[in-house]
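Scroll down for the structure; my scribbles are underneath it.
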Amino acid sequence: MASPTINFRDTVILIADSSSYLSMIVHSILRGFGATKILEVRDSITVLQVLNSQKFDVLLFDARLPPYGGLKLTQAIRRKADNENRMMPILLMSSDTRETAIRRARDAGANMVIAKPISPASLYDRLAWVALTPRQFIDAPTYFGPDRRFKIEGYPNGVGRRKGDKIVEVANESGPALAQGDIDNLFSAARMGKD
Amino acid sequence: MAETDDDVRIFPVETRFQQLARRPGGIPRDKALAQAQSKIDEAKPAFDGWLNEQLDALLDVVKRAQTENTDAEWAEAANRYCRQLRDVGTTVDCELLTFIARSFSEMLDAITMGAECDWEAIQCHIDALLLARQKSYRGVKPEQVPDLISGLRRVAEQISISQP
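Taken in order, these protein sequences are the chains called A and B. Residue 62 in this note's numbering sits at position 19 of the first sequence; the count goes up by one each step and never skips. Residue 84 in this note's numbering sits at position 71 of the second sequence; the count goes up by one each step and never skips.
Take a look at the structure:
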């Protein structure tokens, strides 16, 4: 990825993590990027409450956010038709980086997974990817969220989800943890306007 | 599950974040990363207090599990503290802490899944965490303490082998 420049000024960001210290670290990193409008919450119930009263530009959740977990929370946000935050970028922070976990996050409607422990570079580059990479949205009976059809290195046919697409099993339940680069491959949009 | 094309609506989305991010006047990546690191450094003084709180709470959970007839949920409760230590350590230059907490967390995962609880292995990890807490071990990488790491790996492997 070439060095992008992202303007974070006036971007309203919600951080949701039960760890006050980790949340503070992420908050600090975002302030270093130039973001000034940042809200922290500790649980998914509060997330749903604040989403009802405020509009956000980026949502950053812990994948294990209590009590429901970040995946269920992501699904809830994506599936609520009258929620104006429904199409907001959602980035899940997770220390479970097995391929199956990444696929679950993607299938829940997350735009990106950021591997914990988080570094400024990993966060900046994933936010830049979300900001600068056009990605279509899918509204289907069983899914609402960013297009999940991805090209995975070594899987030339991609991961199919709809009629005519090939289903490719790419993960075992107990596979090895993925590096951030492999996670990114799972989230690399395939189509970009062409097959 | 395949869906028919008729069921699916595909549409482009341009979020406010994308619009804001592309405005001129953003901070170049290198400068943004340097500023972020500086902000992390400002937050580091609070780390010791937080670390002590987490470790004390973890020790309390383990001690109660050892001395009282607690249910199996203690391992998950202890794991919550381990995961937090693991997730923060490397970001604040405590890579060794992250390594030990990860090993401990994997062991507690195995116990939650039904593996036999080996208190000696648990005590090894607690001792290692208490060692890594010391200021003299800040900035120490796992490869710099090979004996400690191989010992932890050995006891953790025994737990995972015993998993049903």
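All C-beta atoms in this analysis are idealised placements derived from N, C-alpha and C, irrespective of residue type, glycine included.
Enumerate in chain order the residues of its own chain whose CB-to-CB distance from residue i is below 8 Å, with the five nearest sequence positions on each side excluded.
i: Ile96(B); result: For the sequence presented, residue 96(B) should be read as Arg rather than Ile. Hits under 8 Å: Ala114, Ser118.
i: Val74(B); result: Trp87, Ala90, Ala91, Tyr94
i: Leu121(B); result: Ala88, Glu89, Ala91, Asn92, Cys95
i: Leu73(A); result: Phe51, Ile56, Ile58, Ile81, Leu166
i: Leu142(B); result: Leu68, Leu71, Leu98, Leu110, Ile113, Ala114, Phe117
i: Ser62(A); result: Asp105
i: Leu144(B); result: Tyr150, Leu161
When you compare only the Cα positions, how much space is there between residue i and residue j?
i: Ser51(B); j: Gly75(A); result: 8 Å
i: Ile88(A); j: Leu116(A); result: 9 Å
i: Ser46(A); j: Leu175(A); result: 12 Å
i: Arg204(A); j: Glu27(B); result: Residue placement at Arg204(A) is flagged as unreliable, the pLDDT there being 41, under the threshold of 50; a coordinate-derived value is accordingly withheld.
i: Ala91(B); j: Ile23(B); result: 44 Å
i: Leu110(B); j: Arg99(B); result: 7 Å
i: Val55(A); j: Leu161(B); result: 44 Å
i: Ile145(A); j: Ile226(A); result: 7 Å
i: Asp53(A); j: Leu33(B); result: 8 Å
i: Leu46(B); j: Gln79(B); result: 45 Å
i: Gly39(B); j: Thr140(A); result: 31 Å
i: Leu102(A); j: Tyr150(B); result: 35 Å
i: Asp140(B); j: Gln92(A); result: 41 Å
i: Gln18(A); j: Glu142(A); result: Since the displayed chain A opens at 44 and closes at 238, residue 18(A) lies outside it and no answer follows.
i: Gly164(B); j: Ser116(B); result: 11 Å
i: Trp172(A); j: Pro37(B); result: 17 Å
i: Gln67(B); j: Pro184(A); result: 43 Å
i: Ala158(A); j: Pro58(B); result: 24 Å
i: Leu94(A); j: Asp125(A); result: 11 Å
i: Ser181(A); j: Phe187(A); result: Residue 181(A) is actually Ile in this sequence, not Ser. Computed Cα separation, rounded: 6 Å.
i: Arg122(A); j: Leu221(A); result: 28 Å
i: Asp86(A); j: Ile68(A); result: 17 Å
i: Val153(B); j: Pro177(A); result: 41 Å
i: Ala123(B); j: Asp19(B); result: 45 Å
i: Gly201(A); j: His138(B); result: The predicted position of Gly201(A) is uncertain, since its pLDDT is 34 and thus under 50; a value taken from the coordinates is nonetheless stated next. If I take the Cα positions, the gap works out to 42 Å.
i: Val179(B); j: Leu108(A); result: Past the boundaries of the shown model lies residue 179(B); chain B is included only from 14 to 177, so the question cannot be answered.
i: Val158(B); j: Gln97(A); result: 49 Å
i: Arg178(B); j: Gln136(B); result: Only positions 14 to 177 of chain B appear in this structure, which leaves residue 178(B) out of reach.
i: Thr79(A); j: Arg166(B); result: 43 Å
i: Val90(A); j: Met130(A); result: 15 Å
i: Ile53(B); j: Tyr111(A); result: 29 Å
i: Val70(A); j: Tyr64(A); result: In the sequence as displayed, the identity of residue 70(A) is His instead of Val. Cα-Cα distance, rounded: 10 Å.
i: Phe60(B); j: Glu108(B); result: 14 Å
i: Ala151(A); j: Pro25(B); result: 19 Å
i: Asp43(B); j: Phe30(B); result: 21 Å
i: Ala106(A); j: Lys148(B); result: 31 Å
i: Glu156(B); j: Glu170(B); result: 18 Å
i: Gly10(B); j: Ala119(A); result: The first residue shown for chain B is 14 and the last is 177, placing residue 10(B) beyond what the model contains.
i: Arg192(A); j: Pro41(B); result: 31 Å
Would you please state the rounded distance, in angstroms, between the beta carbons of residue i and residue j? I believe it to be under 8 Å.
i: Asn128(A); j: Phe104(A); result: At roughly 12 Å, the Cβ-Cβ gap does not stay under 8 Å, so Asn128(A) and Phe104(A) are not in contact.
i: Pro163(A); j: Ala56(B); result: With 8 Å as the limit, Pro163(A) and Ala56(B) do not qualify as a contact, their Cβ atoms being about 12 Å apart.
i: Arg147(A); j: Leu114(A); result: 6 Å
i: Ile161(A); j: Thr104(B); result: 6 Å
Who are the near neighbours of residue i in its chain, counting only those whose CB is closer than 7 Å to its CB and skipping five residues on each side?
i: Ser66(A); result: Ile58, Asp60, Glu83
i: Arg35(B); result: none
i: Met155(A); result: Leu134, Arg169, Trp172, Val173, Phe230
i: Leu64(B); result: Arg146
i: Glu81(B); result: none
i: Gly102(B); result: Glu108, Leu110, Thr111, Ala114
Considering only residues of the same chain and omitting the five flanking positions on each side of residue i, which have a CB-CB separation below 6 Å?
i: Gly77(A); result: Phe51, Arg52
i: Ile49(A); result: Ala171, Ala174
i: Gly197(A); result: Unreliable positioning characterises Gly197(A) in this predicted model, as indicated by a pLDDT of 31, which lies under 50. The coordinate reading is nonetheless provided below. The answer is none, since no qualifying residue turns up.
i: Pro132(A); result: Val101, Asn154, Val173
i: Ser138(A); result: Lys159
i: Asp106(B); result: Gly152
i: Met136(A); result: Asp105, Ile157, Lys159
Jot down the residue ranges of each uninterrupted alpha helix (DSSP H) in the region 132-170 of chain B, minimum 4 residues, whole runs only, in chain order. Counting only runs of 4 or more, we get 132-146.
Mind listing, in chain order, the continuous alpha helix (DSSP H) runs of no fewer than 4 residues lying wholly within the region 14-46 of chain B? Runs of the alpha helix (DSSP H) inside the region 14-46 of chain B: 29-34.
Listed in chain order, which residues of the region 151-164 of chain A have Cβ atoms closer than 9 Å to some Cβ of chain B? Legend: CB atoms of the region 151-164 of chain A lying less than 9 Å from CB atoms of chain B belong to residues Lys159, Pro160, Ile161, Ser162, Pro163, Ala164.
Where the region 101-114 of chain A meets chain B: residues whose CB sits under 8 Å from a CB there: Cβ contacts with chain B: Val101, Arg107.
Quick check for students: name the residue ranges of the alpha helix (DSSP H) that lie wholly in the region 73-156 of chain A, counting only runs of 4 or more. Counting whole runs of 4 or more residues, the region 73-156 of chain A contains the alpha helix (DSSP H) stretches 87-96, 113-122, 142-151.
According to a CB-to-CB cut-off of less than 7 Å, which residues of the region 111-123 of chain B neighbour chain A? Answer in chain order: Thr111.
In chain order, what residues of the region 65-89 of chain A put their CB closer than 7 Å to some CB of chain B? Listed in chain order, the positions of the region 65-89 of chain A with a beta carbon within less than 7 Å of a beta carbon of chain B are Leu65, Met67, Ile68, Ser71, Ile72, Arg74, Gly75, Phe76, Gly77.
Anything in the region 51-62 of chain B with a Cβ closer than 8 Å to a Cβ of chain A? List those residues in chain order, please. Sequence-ordered contacts of the region 51-62 of chain B with chain A read Ser51, Lys52, Ile53, Glu55, Ala56, Ala59, Phe60 [C-beta pairs closer than 8 Å].
Closer than 8 Å, Cβ to any Cβ of chain A: which residues of the region 29-42 of chain B, in chain order? Correct list: Arg29, Phe30, Gln31, Leu33, Ala34, Arg35, Arg36, Pro37, Gly38, Gly39, Ile40, Pro41, Arg42.
Between the region 88-107 of chain B and chain A, which residues of the former have a C-beta closer than 9 Å to a C-beta of the latter? Here the close residues are Arg93, Arg96, Gln97, Arg99, Asp100, Val101, Gly102, Thr103, Thr104, Val105.
Contact list for the region 146-170 of chain B against chain A, Cβ threshold 7 Å: For the region 146-170 of chain B, which is checked against every Cβ of chain A, not one residue is closer than 7 Å.
Quick one: which residues of the region 119-144 of chain A get their C-beta closer than 7 Å to a C-beta of chain B? List them in chain order. Met130, Met131, Pro132, Ser138: these are the residues of the region 119-144 of chain A whose beta carbon lies less than 7 Å from some beta carbon of chain B, given in chain order.
Extract the residue ranges of the alpha helix (DSSP H) inside the region 85-133 of chain B, only unbroken runs of 4 or more that lie entirely within it. The region 85-133 of chain B contains these whole alpha helix (DSSP H) runs: 87-102, 108-125.
Under 9 Å, CB to CB, which of the residues in the region 178-190 of chain A have a partner in chain B? Within the region 178-190 of chain A, the qualifying residues are Arg178, Gln179, Phe180, Ile181, Asp182, Ala183, Pro184, Thr185, Tyr186, Pro189, Asp190.
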